[in-house]
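This report concerns only the one structure given below.
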Amino acid sequence: MHDRLMIAGAPLLTSAVVAGIFLYLYRRSGERYLAFWALAWVLWAGRYLLAFAEADASLAAGGTVLAMLAVGRAVFVLWGASSMLGRPFPVWAALALTTDAAYQLALGFATPRGVWWAVPHYAILSVALIAAGLAFARRGAEVGAERFVAAVAFVLFGLLQLAFPFVSDTPPWSTLGQILASTLQTTAALGVLLVYFRRAQLQRDRLVDQLERALSGVLGERLSVCASCKAVKGSDGHWTPIDEFARRSGAPVSHGLCPRCVAEFDRAEGFPPEPSTSSAG
4 MHDRLMIAGA
14 PLLTSAVVAG
24 IFLYLYRRSG
34 ERYLAFWALA
44 WVLWAGRYLL
54 AFAEADASLA
64 AGGTVLAMLA
74 VGRAVFVLWG
84 ASSMLGRPFP
94 VWAALALTTD
104 AAYQLALGFA
114 TPRGVWWAVP
124 HYAILSVALI
134 AAGLAFARRG
144 AEVGAERFVA
154 AVAFVLFGLL
164 QLAFPFVSDT
174 PPWSTLGQIL
184 ASTLQTTAAL
194 GVLLVYFRRA
204 QLQRDRLVDQ
214 LERALSGVLG
224 ERLSVCASCK
234 AVKGSDGHWT
244 PIDEFARRSG
254 APVSHGLCPR
264 CVAEFDRAEG
274 FPPEPSTSSA
284 G
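Under the working numbering, the first residue of the sequence shown carries the number 4, and numbering increases by one thereafter.
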């Protein structure tokens, strides 16, 4: 039990963390491919939970369940990549995965499994992970080189799946493989997280720039217009009839009172005239 805890404990924790990161990003962004990838890593966690139940690829029941978990992971990883690119699920992948799943189930839970029985579904899983990496590299060019962190990790993790059936039961290669798998999974998830926050930062910067431009336009183009005679006060302080001004400019206007209208209003209401602030001379 201690050996299984050492072998499966770290990958189980890694899978749970990666699934949590993808689920968090899905809840923040609503992008479907993240939900598919979260489900894929939930199945990865299930694969290592199975190790605690003493299931092994050499046992019939364990081999069947492990095969179906690998098929499920490939489905969700590839489904996420297709969703990211806005494409339907690949027909070749659907045929290959269906054939492999049907074959594994047809063998039943009583047929012992060897290494070679695991090669087909791990090969398909490898292709799915490599496709996910390439899809992520093509998406979101505006974020720059950050996206290649996740893309390279996905591709390397996919290549590692090809060797997994041959080294999973061969210490110390199995331990090295688990360490590499945990490292690459974590790097891929953190790369996706980095791209998400980088894209959010760029979007925020664009919105701030648009807001500053809008405020600059509003503050720079507002005009003073007399509420009575509709004369417009220019930048030189002179008041121009609005009809003349409107012929030259289509700028938005505001309202106010020019000095002449203020004086007429004061006389009509019987208010004393305001002292003149202009100096002679």
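Just so it is clear, CB atoms sit at the ideal spot from N, CA and C, and this is done for glycine as well.
- Across the structure, ASP246 and SER227 are spaced so that their CA atoms are roughly 14 Å apart.
- The closest CA to that of ALA43, considering only ARG31, GLY66 and THR17, is found on THR17.
- By DSSP's assignment, THR243 forms a beta bridge with VAL235.
- Remark: C-beta atoms of ALA38 and GLY23 do not approach each other more closely than 9 Å.
- Taking 9 Å as the cut-off, the Cβ atoms of ALA135 and VAL80 count as close.
- Taking a C-beta distance under 9 Å as the contact criterion, VAL21 and ALA191 qualify as a contact pair.
- The alpha-carbon separation between THR67 and GLY83 amounts to approximately 24 Å.
- Residue environment: SER32 is assigned as exposed (fewer than 16 neighbouring CB atoms within 10 Å of its CB, all protein chains considered).
- A direct Cα-to-Cα measurement between VAL78 and PRO175 gives close to 30 Å.
- As computed with DSSP, GLY259 is found in a beta bridge with CYS229.
- Nearest C-alpha to GLY194 among GLY237, TRP119, ASP208 and ALA148: ALA148.
- Ranking SER177, TRP119 and LEU187 by CA distance to the CA of VAL152 puts LEU187 first.
- Rounded to the nearest whole angstrom, the CA to CA distance from VAL198 to TRP95 is 30 Å.
- In this structure, DSSP gives PHE25 a helical state, which the three-state scheme calls helix.
- Of LEU183, THR178 and ARG202, the smallest CA-CA separation from LEU28 is found for ARG202.
- GLY161: member of the alpha helix (DSSP H) spanning 150-170, first to last residue.
- In its chain, beyond the 5 residues on either side, CYS229, ALA230, SER231 and PHE268 have a beta carbon closer than 8 Å to the beta carbon of LEU260.
- Counted as a single uninterrupted DSSP element, the alpha helix (DSSP H) harbouring VAL94 occupies residues 94-110.
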